[in-house]
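K.L.:
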Amino acid sequence: MFCVQCEQTIRTPAGNGCSYAQGMCGKTAETSDLQDLLIAALQGLSAWAVKAREYGIINHDVDNFAPRAFFSTLTNVNFDSPRIVGYAREAIALREALKAQCLSVDANAHCDNPMADLQLVSDDLGELQRQAAEFTPNKDKAAIGENILGLRLLCLYGLKGAAAYMEHAHVLGQYDNDIYAQYHKIMAWLGTWPADMNALLECAMEIGQMNFKVMSILDAGETTKYGHPTPTQVNVKATEGKCILISGHDLKDLYNLLEQTEGTGVNVYTHGEMLPAHGYPELRKFKHLVGNYGSGWQNQQVEFARFPGPIVMTSNCIIDPTVGSYDDRIWTRSIVGWPGVSHLEGDDFGPVIAQAQQMAGFPYSEIPHLITVGFGRQTLLGAADTLIDLVSRKKLRHIFLVGGCDGARVFLVGGCSRARARGERNYFTDFATSVPDDCLILTLACGKYRFNKLEFGDIEGLPRLVDAGQCNDAYSAIILAVTLAEKLGCGVNDLPLSLVLSWFEQKAIVILLTLLSLGVKNIVTGPTAPGFFTPDLLAILNEKFGLRSVTTVEEDMKQLLSA
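If you want my numbering, it's the position in the sequence shown, counting the first as 1, plus 498.
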């Protein structure tokens, strides 16, 4: 096992990365290794997808499957080894079908990619795990060095984050052939184990630029189906009655659940990254969407244990449900998986609803506590002139984008097999509460849970805390920044705007690459640098983009306000 893709990876003087029987996320070495094998199979599939496009062949089954299967290897998505192997087998079957299509056009069609003819050696998981050792990401580290390995992983993990957004967009009916062609080209190239530093840096920027287009079609999918988000108050306290909790990012799953629970007497609560759903008109029209429950994903083992109804996980992040003994009432959807947990294959939430009706639900309604969400792209752009006016009158000094993936410091309990996120990373709470009263906080993704239930007041009626949505709604923030720069006749980097981003997994990595590829500079990230970033790579990114890690709230605030 070698996995260094998330923020909580093991870090030692000898090197970074989880390489024992179990990773810090709870992923076993078997599952981790089989995910490496799946990625190799997907690289071979993409190699043939590139070749097929040379013949004018576009196989939509391949395009739909490839990013979805890659998404299953993202942090805290799928821990179920047999399902990972199933994806690998499907990738190979699709590859062979695509290869046959190419041969039907050109009998001499061939593909030189080293992954192009990969076959699984056995049905036995142990044998497959041994085969997977050929594809461990750091297998040639001694030959290529840490810097090249780090850049390879930056590209691989960045592309993995983009694949997740591609799948979210696909679910909403969005497709762009140019995006898929670019995805397959990059995925196939990474399967050649590239070792040129400049080419890898260029690839990282290409992934960022591609992801901007992905976020654009995802935004189109969400707003076309569910309307543009508008500011909406959301209750974060319990309402009496039977209940279901839905977590993740998939708004279509939420919509289907709301349709199927309407009139049943079962209330629906959002959790985690599903919170922004309350801002969409076509979702909030359901009166039994009663509120948001809980906080950041890392607290789910306590909060889910207390929730008196079933839980549905539509995407990341799931962690071990046996710890809170709620594994008999948590359900996974789509690419999510945990061994022994019930999985919903399709869009029928009937079994979940039936379970909710058998459970007690909340016995009484608590005193409401309302927070505001729904500052989507249209709302933000509608406020652009107001922001400029406030800046010109010196009522608004600075805008801070404080958000990203939440997480927690990790320490070991009983060894690596029981690693749990129990510590706090309070930097982002302290930073938000230290922002001066004449400054505005724009937030997005689950990092907002560090401070989104606090009161920040307003500036002449404009809320000082503005929740722009999910992690992919960084697109809205980017469009706002570009619009403000155009109206003011300056560059984005000249705006009174600073980005302070928390990261945890691969979606955050690709958001960072997107921002860097668009020329955004002087981003501050934390709580620590990615484990695959070497000192040399950090120095390169600092020199080219001004990217740096957080220090102390006081020092960072002083530097950002004086920039």
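Every residue gets a Cβ at the ideal spot worked out from N, C-alpha and C, and that includes glycine.
None of the values given here were measured: they were computed from a predicted structure.
1. If contacts are defined as beta-carbon pairs under 8 Å, then residue 583 and residue 623 qualify, I think. What distance do you get, rounded to the angstrom?
2. Quick check: the region 1019-1035 against the region 501-511, are at least 3 beta-carbon pairs closer than 8 Å?
3. Return the chain-ordered list of same chain residues with a C-beta closer than 7 Å to the C-beta of residue 1049, the five sequence neighbours on each side being excluded.
4. Considering only C-alpha positions, which residue in the set 794, 976 and 587 is nearest to residue 989?
5. For the structure I just gave you, are there three or more beta carbon pairs, one from the region 873-890 and one from the region 953-973, closer than 8 Å?
6. Please state the DSSP three-state secondary structure of residue 680.
7. Using DSSP with H/G/I as helix, E/B as strand and the rest coil, what is residue 694?
8. Provide the residue(s) that pair with residue 576 in DSSP beta bridges, ordered along the chain.
9. Which complete beta strand (DSSP E) runs does the region 853-937 hold, if anything under 3 residues is left out?
10. Please state if the CB of residue 1014 and the CB of residue 695 are separated by a distance shorter than 8 Å.
11. Which of helix, strand or coil does DSSP assign to residue 735?
12. Going by DSSP, which residues form a beta bridge with residue 765?
13. Candidates 530, 982, 573 and 934: which alpha carbon is nearest residue 956's?
14. Could you compute how far the alpha carbon of residue 992 sits from the alpha carbon of residue 877?
15. When the Cα of residue 638 is compared with those of 690, 658, 508 and 1038, which residue comes out closest?
16. May I ask you to list the residues that DSSP assigns as paired with residue 939?
17. By how many angstroms is the C-alpha of residue 730 removed from the C-alpha of residue 910?
18. Give the C-beta separation of residue 776 and residue 871 to the nearest angstrom, bearing in mind that I take them to be a contact with Cβ-Cβ under 8 Å.
19. Spatial neighbours of residue 524 within its chain, please: C-beta separation below 8 Å, excluding the five flanking residues on both sides.
20. Does the region 1008-1022 come close enough to the region 1042-1059 to have 3 or more Cβ pairs within less than 8 Å?
21. Here's the rule: buried if 16 or more other CB atoms are within 10 angstroms of the residue's CB, otherwise exposed. What is residue 665?
22. Is it true that the CB of residue 589 sits closer than 8 Å to the CB of residue 545?
23. When you compare only the Cα positions, how much space is there between residue 693 and residue 633?
24. Give the list of continuous alpha helix (DSSP H) stretches no shorter than 4 residues that lie fully inside the region 527-585.
25. Between which two residues does the alpha helix (DSSP H) holding residue 1040 run?
26. Going by DSSP, what residues sit across from residue 1046 in a beta bridge?
27. Going by C-alpha distance, which of 790, 801 and 756 is nearest residue 780?
28. Using alpha carbons as the reference points, say which of 987, 986 and 881 lies closest to residue 940.
29. Which one or two residues does DSSP pair with residue 829 in a beta bridge?
30. CB residue 1006 to CB residue 937, shorter than 8 Å?
31. Is it a yes or a no for the region 698-715 touching the region 815-834, going by three-plus beta-carbon pairs under 8 Å?
32. For residue 1026 and residue 1008, what's the separation of their Cα atoms in angstroms?
33. In the DSSP output, which residue or residues are listed as bridge partners for residue 845?
34. Looking at C-alpha atoms only, which residue of 965, 953 and 924 is the closest neighbour of residue 943?
35. Around the C-beta of residue 1056, are 16 or more other C-beta atoms found within 10 angstroms, so that it is buried, or is it exposed?
36. In whole angstroms, what is the alpha-carbon distance linking residue 789 and residue 762?
P.N.:
Judging by the given coordinates:
1. 7 Å
2. yes
3. none
4. 976
5. yes
6. helix
7. coil
8. 835
9. 868-871, 896-902, 908-910 and 917-919
10. no
11. coil
12. 741
13. 934
14. 23 Å
15. 690
16. 898 and 963
17. Model confidence at residue 910 stands at a pLDDT of 44, short of 50, so the residue's coordinates are unreliable; what they give is reported in the following sentence. Cα to Cα, residue 910 sits roughly 40 Å from residue 730.
18. 6 Å
19. 577, 817, 818 and 917
20. yes
21. buried
22. no
23. 15 Å
24. 527-552 and 558-569
25. 1033-1043
26. 1022
27. 756
28. 881
29. 810 and 840
30. no
31. no
32. 17 Å
33. Answer by DSSP bridge pairing: none, since residue 845 is not bridged.
34. 965
35. exposed
36. 17 Å
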